[in-house]
Amino acid sequence: MDGEQATWEDEVRLIAPELFPCLRHTVLEDEKPEGVPSKENKTTSSLARFFKRKKTKAGYLPRRNAILEKSVEKLRASLNCCKCSKHTAAKRLKQLFPFTSILDGYSGLYDLPCDIIAGLTIGIMHIPQGMAYALLTQLPPVYGLYTSFFPVLIYFFFGTSRHISVGTFAVVSLMIGSVVDKGHVAWQRHELQGAIQDISTGHNITHSLQEPDPASTSLGATNLSSASPGFDNFFRTRPLSELDMVKVGYAMAVTFCVGILQVVLGFLRMGFLTTFLSDPLISGFTTGAAIHVFSSQIKSAFGVKVDRYSGPLKLIFSYHDFFTHLNHPNLVTMTITIVTVLFLIGIKEGINNNKKFRETFRGIPIPGELIVLIIGTVLSKHFQLHKQFDVEVIGHIPKGFPTASLAFVKYLPDVIGESFAICFTAFATSFAISKILADKHNYIVDPNQIQSILAAIIIVSLKGLFFQFAELKRLWKVSKVDYTVWLVTFFATVLLDVDLGLLIGLIYNLVPILLRTQEPYSCLLGRVPNTDIYVDCNIYKETVQLPGIKIFKFESPLYFANMDNFKSALVKATNVDPHYLKLLKNEMKDTDMTLRHREVCLATSEEPCESHDHLHPLSGRPVPSNCGTFAIIIDGSAIQYVDSVTVRVLKDIVLEYRDVDIDVYLGDCKASVRIMLEKSGFYNHVYRRNVCATIHHAVQVAQKSAAMSKETLASTFTMAPEDFLQEGEFVRLDLENSVESVDKIAAEGSS
């Protein structure tokens, strides 16, 4: 087929081959002989008919090709589906399933054995830690094993970190435990109300319900344990499985809400919110949460019966009960705890963290938690510790997985508020760990059998969090603001609660940010000799300030909240107040009154008359002159953005200084600031030459304008006003020279 008879299909395939599959054009493969009517018609889509053209002469073929190319370009720009290719499909697949990109360079000979060893090691560690952290959530220990099993499977397909192992976490477990406590209270209230209605002899229960212990509710903490023997007897008769189901329902509800929130925030690209969680805030929060975790396990470590509280100041009430009952500890439980803690510390510090032994075991850590759990289980079973010495044990752990159910949906309205705090905390901590591992390995991440043994495992795992107290010394030297953020977050978390501590710490962390933008550092810039570089005069003493020009720098974005501070800092740094200068200028216009005042002074007194022209007419305070300043340049390099209020205030500043014969220039402004000035109509009132590309350019414009003004001023008294007021241009009058001229005229008039 020659060029003139080329069909539109061939032209499209030649110009844009990636578009051809999208046209959905169907052509009959078997052509009928000429003259024989075909029952099958050639079908084309609307897109194909759009490209199809009538037969044209050979001379018009180039023009038709040009039109076709334009149509193809327009189609390529409007239809994203036409950009499909193997490369694009593979890129989208890797974004949806990041593990595919990890498997690109995966070596089965080298990586697979290492991953098997790492997986077995982490899996062994998850068994005791999952059961131990389940205690923090007040759930049966088997749910800690569930939490250690399912998340890693999901994270494998959708996670971007190659090293993180998702599972139980002490801080998040403690926060979920506070939600479970909420369900515990609701279940108690519901059961007691039902008992009052059903039991005819419930007078004592009603009396106990109406008169709670004032010590447990005076400051907001709620006692989740029984408050009287009547309560104890009542709850002992209720099936514990029902309470466990309520607790599990609340835990599943808050977990479901957190998952939905994280998915929604992920689609909305809201991961940047975690940037407001600074390192001092995270450190103070996790350390405070570690105090809660430690306090929740101290009763199991000593075998002491302590009531469980919820709400602000709950630690104070818990420790009050703990020290009250500390005179009757369980010595066997204490012995088990002490031995377990010493054993775990010896394994971690003496072997796993010891370089010599780590090389001996080829980097494989010894699972000390699993070892003590197995030994404790065997000893508990053999010596009957629960029956003989009253050592608390978890009991039976069921096999298999529970049946899927949506019974937790009814608890969703009760846990929405707590879900937000857990959502941000879980994401922030996991992202921080992922980022550390990613930086280390050079890749990118897309922001219980015996209860005393499990308590010891939790206490030892908190060792790293408690070491964060050492951060205080460094923060005190580096930044007092970060130091106070750490302390406020820590004490708020310890004294109030985990979720309230995070909220208060976040709010307090935002306060310094707002204060830094409202009252930022400002200074005057001076010129480095023999260069076009301008730096801070307060830091670099060898700089030279240009005569008649003040270069002002304000190191913050400009918005409605800090504009007043910007104006006051500008006046203070330049020592030029346009309002006072305007008052002085208005007084100078009344020349006759000034001459008459001087004549009276000369006639009535031989002593020199004290002039009050430099005083404010109302307050009597000195009115500063412009000291020969004819230009003020605002350095815009540190101004990242401006709002509509800022544009209006900047316009007013330029006009106010112009009224006193001082030009204001903006130099080195960002592109976004220039666009905002253009959109807001800034140039309807201000000359475009007042906005310069660099500071040095603004200096050159100001000096050139001042030179022209001096020539105009030299002919001020020999020219008529209409000769130099042309095309709306303003004449600059040097205020000091004008004052001298007025004094000269007054002296000639008196003589």
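Positions 5 to 755 (the numbering used here) are the ones given, in order, by the sequence shown.
Glycine included, each C-beta is placed from N, C-alpha and C at the ideal position.
If you're wondering where the values come from, they're calculated on a predicted model, not measured in any experiment.
**Request:** Whole angstroms is fine: what's the gap from valine 485's alpha carbon to leucine 97's?
**Result:** 45 Å
**alanine 635, DSSP secondary structure in three states** = strand
**Message:** Against chain C, does aspartate 568 count as a neighbour if the rule is that its beta carbon must be under 8 Å from one of theirs?
**Reply:** You won't find chain C in this structure, because it holds only one protein chain.
**Prompt:** Is the beta carbon of alanine 255 less than 8 Å from the beta carbon of leucine 143?
**Reply:** yes
**Asked** Does the distance from the CB of isoleucine 426 to the CB of valine 176 come in under 8 Å?
**Response** yes
**Message:** Taking the alpha helix (DSSP H) that glycine 530 belongs to, which residues open and close that run?
**Reply:** Careful: glycine 530 lies outside any alpha helix (DSSP H), inside the beta strand (DSSP E) at 526-531.
**Request:** Assign tryptophan 490 to buried or exposed, taking buried as 16 or more other Cβ atoms, counted over all protein chains shown, within 10 Å of its Cβ.
**Result:** buried
**Asked** In its own chain, which residues sit with a C-beta less than 7 Å from the C-beta of serine 648, not counting the 5 before and 5 after it?
**Response** Ser684
**Asked** Over what stretch of residues does the beta strand (DSSP E) that includes isoleucine 553 continue unbroken?
**Response** 553-558
**Asked** From valine 184 to threonine 141, what distance separates their C-alpha atoms?
**Response** 7 Å
**Item:** Through-space distance from arginine 678 to tyrosine 645, alpha-carbon basis
**Value:** 9 Å
**Asked** Taking the alpha-carbon positions, what's the phenylalanine 306 to threonine 493 distance?
**Response** 29 Å
**Request:** Could you tell me whether any non-hydrogen atom of the ligand NAD is closer than 7 Å to the CB of valine 502?
**Result:** With respect to the ligand NAD, the structure shown offers nothing to examine, as it has no ligands at all.
**Prompt:** Do you know how far the Cα of threonine 341 is from the Cα of isoleucine 457?
**Reply:** 6 Å
**Request:** With DSSP collapsed to three states, give me the class of cysteine 541.
**Result:** coil
**Asked** Would a C-beta distance cut-off of 8 Å place valine 376 and leucine 335 closer than the cut-off?
**Response** no
**Prompt:** Can you tell me the Cα-Cα spacing of proline 658 and leucine 518, whole angstroms?
**Reply:** Per the sequence shown, residue 658 should be read as valine rather than proline. Cα-Cα distance, rounded: 27 Å.
**Message:** Suppose contacts are defined by Cβ-Cβ distances below 8 Å. Is glycine 187 in contact with phenylalanine 412 by that definition?
**Reply:** no
**Asked** What is the residue span of the alpha helix (DSSP H) that valine 336 lies within?
**Response** 335-349
**Request:** Whole angstroms is fine: what's the gap from threonine 151's alpha carbon to tyrosine 137's?
**Result:** 10 Å
**Request:** Locate the alpha helix (DSSP H) running through tyrosine 137, then write down its first and last residues.
**Result:** 115-140
**Asked** Along the chain, which unbroken stretches of the alpha helix (DSSP H) at least 4 residues long are found entirely within the region 650-705?
**Response** 675-683
**Prompt:** What residue from Lys571, Val664 and Pro533 has the CA that sits closest to glutamate 756's CA?
**Reply:** In this structure the chain extends from 5 to 755, so residue 756 is not present and cannot be described.
**Request:** State yes or no: is the C-beta of alanine 710 within less than 8 Å of the C-beta of isoleucine 666?
**Result:** no
**Request:** Assuming leucine 469 and tyrosine 487 form a contact by the criterion Cβ under 8 Å, report the distance between their Cβ atoms to the nearest whole angstrom.
**Result:** With a Cβ gap of about 18 Å, leucine 469 and tyrosine 487 do not count as contacting.
**Request:** Classify aspartate 119 as buried or exposed, calling it buried when 16 or more other Cβ atoms lie within 10 Å of its own Cβ.
**Result:** exposed
**Asked** Under 8 Å, do valine 695 and leucine 670 count as touching if we go by C-beta distance?
**Response** yes
**Prompt:** For tyrosine 661, which residues of its own chain have a beta-carbon under 6 Å away from its beta-carbon, when the five flanking residues on both sides are left out?
**Reply:** Pro582 and Val668
**Asked** Quick one: what does DSSP say glutamine 99 is sitting in, helix, strand or coil?
**Response** helix
**Message:** Applying the 10 Å Cβ sphere with the 16-neighbour rule, what's the burial state of glycine 566?
**Reply:** Checking the sequence, you will find asparagine at residue 566 rather than glycine. Classification for asparagine 566: buried.
**Message:** Rounded to whole angstroms, what is the Cα-Cα separation between phenylalanine 326 and methionine 338?
**Reply:** 14 Å
**Request:** Figure out for me which residue from Thr104, Pro516 and Pro524 has the closest Cα to the Cα of phenylalanine 162.
**Result:** Thr104
**Request:** State the DSSP-derived secondary structure class of serine 483, mapped to helix, strand or coil.
**Result:** coil
**Request:** Under 7 Å Cβ to Cβ from phenylalanine 289, same chain only, skipping five residues before and after it: list those, please.
**Result:** Thr493, Thr497, Gly505, Leu506 and Gly509
**Asked** How would you write the range of the alpha helix (DSSP H) that methionine 256 sits in, first residue to last?
**Response** 244-271
**Prompt:** Rounded to a whole number of angstroms, what is the C-alpha to C-alpha distance between proline 284 and lysine 467?
**Reply:** 18 Å
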